[in-house]
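Chemist: Take this structure first; my questions come after.
Number of protein chains: 2
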Amino acid sequence: MFNETRTHEITVDTVILTMFDDELKVLLIKRHNEPFKDKWAIPGGYVRMSENLDQAAERVLKEKTGVDNVFLEQLYTFGDPLRHPTSRVITCAYFALVRANDVQVFSDPDVAWHNVNDLPPLAFDHKQIIEYSKKGTRERLEVCPVAYQLLNEKFTLTEMQKAYELIMGKQLDKRNFRKKVLCAEGLIELNEFSKFTSKRPARLYTFDKINLDSLRGHFIMSNKEKVC
Amino acid sequence: MFNETRTHEITVDTVILTMFDDELKVLLIKRHNEPFKDKWAIPGGYVRMSENLDQAAERVLKEKTGVDNVFLEQLYTFGDPLRHPTSRVITCAYFALVRANDVQVFSDPDVAWHNVNDLPPLAFDHKQIIEYSKKGTRERLEVCPVAYQLLNEKFTLTEMQKAYELIMGKQLDKRNFRKKVLCAEGLIELNEFSKFTSKRPARLYTFDKINLDSLRGHFIMSNKEKVC
DNA sequence: TAAGTTTAGTGTATTATAAACAATTTTAAA
DNA sequence: TTTAAAATTGTTTATAATACACTAAACTTA
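Put into structure tokens, the structure is as follows:
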């Protein structure tokens, strides 16, 4: 069935996640061409000869959202011979966490955010890739406070808890959550309050970006809270 | 510098780890051809058109060690344009844990086990790949008792602790270690004792393979013991 | 302007897990 | 039989996780 040659096509596909309307959203693009015409797909593209895989993923992310300098990490490489119906394409999947406000609003109705837990029919193995990225985000959150990547620069603790809850897929106790994050390094309490909430304003916090490298090991979701 | 075409060569490279002489060992092959002639390299090969990446890694492992049905997991994909000096080769790296006794003894002096912490000059980016695999093995051990993959079918708790210590890169307390593993699921106490030790014989244990799938989440090294 | 509604914010007691720590037992070898 | 090496075993302390409910502040509306 296959001609056992040595070359394949290699792409990067990027699962771009953000948070709004109390949902984790993934950016999808509706395909205009075969294969999988009219199905939705995560953004991707061929790896160029002069760039490494991280650079290819950054380029795709920048092209589709206009953002860079955000959390972007290699997830897994998918290489099933039949994942592409007409050619042999191996794809290195990345996942990115971006702030909804940073993304350029696109008027194209064929580029849209979808709830990661309520996906339309997807092209290729992209459903599997998105499922992997949900798991990867959760595992990443267990060792590193990546959830702040989804939040605005200034955020309330309620917003932060919501991000944790969406990624972990479970509700957290408000008092225990605040106790844990308030004693963690890197979180800075501001003397500002959210103005746009309709009820009691909430204190705003921000992250000390300079110390983010040292945060590995902090903000750990406990073993018991792990979704195994 | 580069012709931005769409095809690259893709290989799998496999970090094969085992344990003997109280050391974690990695299987290396001395290269006979350029590039990197006479440097050591981890076993690898081109991905065939008809196989997926897991199958390619299994094939390479089987060819080099004669073993299959062992722990073998995708690690990371390395795609720096300059990682291969003369062509554009993207490699999907895997890591495997095997029992030293299961591996066919090879008489070829250019195939040898090396201490992972004392490596000879390596070809390509293989030093980086091996470092990644040490980290990957440690992280895997934190959520799953993969260390048993390095042990014989019947093993003593001292041997098991040694495997944990080598992977974690630190010494563990004997009493706390035994307390933790003895109350974990899947470990079966045998009425047999090691005969080849020169002093007091140690009780042998084995793993309940049937229940291994349910072991995720057990045998967790605590957060405090994590090497971050 | 008072009452009602919504969200923000806070502390303690209990339980579970991890960590520190040393003496005794068993066998083979001398 | 004495000695040496490795195996085996429990308790105490410290830390972390969990469960749990009321008050405070601001806006809305009657």
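Protein sequences appear in the order of chains A and B.
Just so we're aligned, residue 6 is where the first sequence starts under this note's numbering, counting upward by one.
Just so we're aligned, residue 6 is where the second sequence starts under this note's numbering, counting upward by one.
The C-beta atom is built at its ideal place from N, Cα and C for all residues, glycine as well.
Bear in mind the structure is a predicted one, so any value in this text is a computation, not a measurement.
Relative to chain B, which residues along the stretch 79-111 of chain A have a C-beta separation below 7 Å, given in chain order?
Modeler: Per Cβ criterion, the list reads Gln79, Tyr81, Thr82, Gly84, Asp85, Pro86, Arg93, Ile95 and Cys97.
Chemist: Under the three-state reduction of DSSP, which class applies to valine 17(A): helix, strand or coil?
Modeler: strand
Chemist: Run through the stretch 25-73 of chain A for me and flag every whole beta strand (DSSP E) of 3 or more residues, listed as ranges in chain order.
Modeler: Scanning the stretch 25-73 of chain A for uninterrupted beta strand (DSSP E) segments of 3 residues or longer gives 28-35 and 49-51, listed from N- to C-terminal end.
Chemist: Is the stretch 49-69 of chain B touching the stretch 139-152 of chain B, taking contact as three or more C-beta pairs under 8 Å?
Modeler: no
Chemist: Does any C-beta atom of chain A lie closer than 8 Å to the C-beta of serine 55(B)?
Modeler: yes
Chemist: If you reduce the DSSP assignment to three classes, tell me which class threonine 142(B) lands in.
Modeler: helix
Chemist: For histidine 89(A), which three-state DSSP category applies?
Modeler: coil
Chemist: Between which two residues does the alpha helix (DSSP H) holding asparagine 181(B) run?
Modeler: Start and end: 179-187.
Chemist: Looking at tyrosine 51(B) and aspartate 82(B), is the spacing between their C-beta atoms short of 8 Å?
Modeler: According to the sequence displayed, residue 82(B) carries threonine and not aspartate. Contact: no.
Chemist: Under a CB-based cut-off of 8 Å, is leucine 58(B) close to chain A?
Modeler: yes
Chemist: Can you find a CB in chain A that lies within less than 8 Å of the CB of valine 52(B)?
Modeler: It does; some Cβ of chain A falls within 8 Å.
Chemist: Cβ of isoleucine 172(A) less than 8 Å from any chain B Cβ?
Modeler: Not closer than 8 Å to any Cβ of chain B, the Cβ of isoleucine 172(A) fails to qualify, so no.
Chemist: Could you say which of Pro90(B), Glu14(B), Lys69(B) and Asp27(B) lies nearest to leucine 33(B) if we only look at CA atoms?
Modeler: Lys69(B)
Chemist: Can you give the Cα-Cα distance for asparagine 74(A) and threonine 19(A), rounded to whole angstroms?
Modeler: 15 Å
Chemist: In terms of residues, what are the limits of the beta strand (DSSP E) holding glutamate 197(B)?
Modeler: 192-198
Chemist: Measure the alpha-carbon distance for glutamate 147(A) versus isoleucine 172(A) and round it to whole angstroms.
Modeler: Computed Cα separation, rounded: 10 Å.
Chemist: If distances are taken between C-alpha atoms only, which option among Thr23(B), Glu158(B) and Asp178(B) comes closest to leucine 66(B)?
Modeler: Thr23(B)
Chemist: In or out: arginine 180(A) buried (at least 16 other Cβ within 10 Å) or exposed?
Modeler: Exposed.
Chemist: Looking at the unbroken beta strand (DSSP E) that takes in leucine 77(A), where does it start and where does it end?
Modeler: 76-83
Chemist: Does the beta-carbon distance from arginine 152(A) to tyrosine 169(A) come in below 8 Å?
Modeler: What sits at residue 152(A) in the sequence shown is alanine, not arginine. Result yes, Cβ atoms of alanine 152(A) and tyrosine 169(A) sit closer than 8 Å.
Chemist: Is it buried or exposed, threonine 263(B), if we count other Cβ atoms within 10 angstroms and call 16 or more buried?
Modeler: With chain B covering only 6 through 233, there is no way to say anything about residue 263(B).
Chemist: Using the rule of at least 16 other Cβ atoms within 10 Å of the residue's Cβ for burial, across every protein chain shown, is histidine 37(B) buried or exposed?
Modeler: exposed
Chemist: Can you give me the Cβ contacts of glycine 84(B) inside the same chain, cut-off strictly under 6 Å, excluding the 5 residues immediately before and after it?
Modeler: Ile95
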